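Since the structure comes first, as structure tokens, the remarks are kept for the end.
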Amino acid sequence: MNGEPVHSADCQVPRLPLMSMLAGENMTPKEIIDKINKLSKEVFEFDFQEYLLDSKRDFWGLTIDNINFKHNVLFGNPDSDIVNQVNRIFQQNREDARCEAGYRVDVGSYFRNTKIQADVFLINLDRLNDSIENLDALLLHELCHMVIDSKMIEKKLAHYVNSKDIYHGKRLYKKTDRYNERYTRHTEEFCIILSAASQRAGCIYEHYNGRWDVIDRAMKHGDISR
Ligand SMILES: [Zn+2]
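For the sequence shown, the positions run 61 to 286 when the numbering used here is used.
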């Protein structure tokens with residue numbers, strides 16, 4: 061690198077240097093939350109903590125341990141009954157062990173007889189040691205599910221997508237595993253929003269080489285959809 065920032069034709073914003081925080085062995089729960097806050101603000105232009113306050117929901121993080129088929133608490137104070145139920149499902153359906161990450165808006169709505177109000181973020185233990193480029197792309201992927209499922213994309217982000225985002229999003233959609241769409245939730249809408257977010261991240265962060273670099277990293281793994 062000669063220090064000169066590279067701009068693609070679509071970039072409207074100056075590129076930022078590598079985030080000082082490094083992913084890897086020392087990635088703490090707080091750093092994960094900080095990253096989610098940061099990516100929400102810089103790539104999607106909304107305040108994640110404000111979103112949680114407005115929706116009156118807690119935020120819980122769970123790890124995916126694909127060796128012991130178990131979720132453990134990463135952050136927040138998850139309801140132990142819910143964690144036990146989710147772990148029972150995990151034990152019964154070990155297919156989930158292949159999941160790399162997930163985001164569930166309003167998890168209480170999936171369980172009967174509960175007043176729990178929380179969003180849940182899941183991440184495979186292996187991914188906590190991944191490179192910063194891959195980890196950020198994975199978090200962007202999950203934030204795309206979040207902005208769709210929370211209806212934020214309709215309420216606050218209507219302006220977010222332009223015609224190029226749609227073009228590349230449709231290209232991505234054709235490449236996805238559409239047979240399992242019900243499970244993956246990688247709909248055409250999801251692909252278009254990921255395309256828009258990837259273009260922005262590709263412009264903002266020096267460690268990416270444009271839209272498709274981010275998309276490829278964000279779609280490298282499957283994810284949970286349960
Ligand atoms: Zn996904």
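Every residue, glycine too, gets a C-beta built ideally from N, C-alpha and C. Note that the structure is a prediction, hence the values are computed from the model and not measured.
If you draw a straight line from the Cα of H205 to the Cα of F106, it comes to about 15 Å. Under the 8 Å Cβ criterion, the segment 165-173 does not count as touching the segment 235-247, having fewer than three qualifying pairs. Put simply, the backbone Cα of L113 is about 28 Å away from that of N147. E202 has its Cβ nearer than 8 Å to a heavy atom of ligand 1. In this structure, S115 lies near D179, with their beta-carbon atoms less than 9 Å apart.
C-alpha of N97 to C-alpha of D196: approximately 12 Å in a straight line. Linking E160 to I124 through their CA atoms gives a straight-line distance of about 8 Å.
Secondary structure at Y243: helix, using DSSP grouped into helix, strand and coil.
Judged by DSSP secondary structure, I226 falls within the alpha helix (DSSP H) whose first and last residues are 223-235.
As for any beta strand (DSSP E) of minimum length 3 sitting wholly inside the segment 85-155, the runs are 118-125, 130-135, ordered along the chain. For R164, the shortest C-beta to heavy atom distance toward ligand 1 is 8 Å or greater. Per DSSP, the beta-bridge partners of L182 are L122, G162.
For the 9 Å CB-CB criterion, I92 and G121 form a contact. Inter-residue distance for Y239 and A261 is about 29 Å (C-alpha atoms, whole angstroms). Straight-line spacing of the CA atoms in Y111 and V207 works out to 10 Å. Distances from the CA of L203 to each of Q151, A257, K215 were compared; the closest alpha carbon is that of A257.
Under the 8 Å Cβ criterion, the segment 263-271 counts as touching the segment 182-196, having at least three qualifying pairs.
Close CB contacts of R277 within its chain, under the 7 Å cut and outside five residues either way in sequence, are with E193, N194, A197 (chain order). Bounds of the alpha helix (DSSP H) holding V274 are 271-278. Looking only at R231, F135, L99, F104, the smallest Cα-Cα distance to H219 is reached by F104. For the 9 Å CB-CB criterion, M87 and H201 do not form a contact. Assigned with DSSP and collapsed to three states, S255 falls in helix. Taking the Cβ of T244 as the reference point, at least one heavy atom of ligand 1 falls within a distance shorter than 8 Å.
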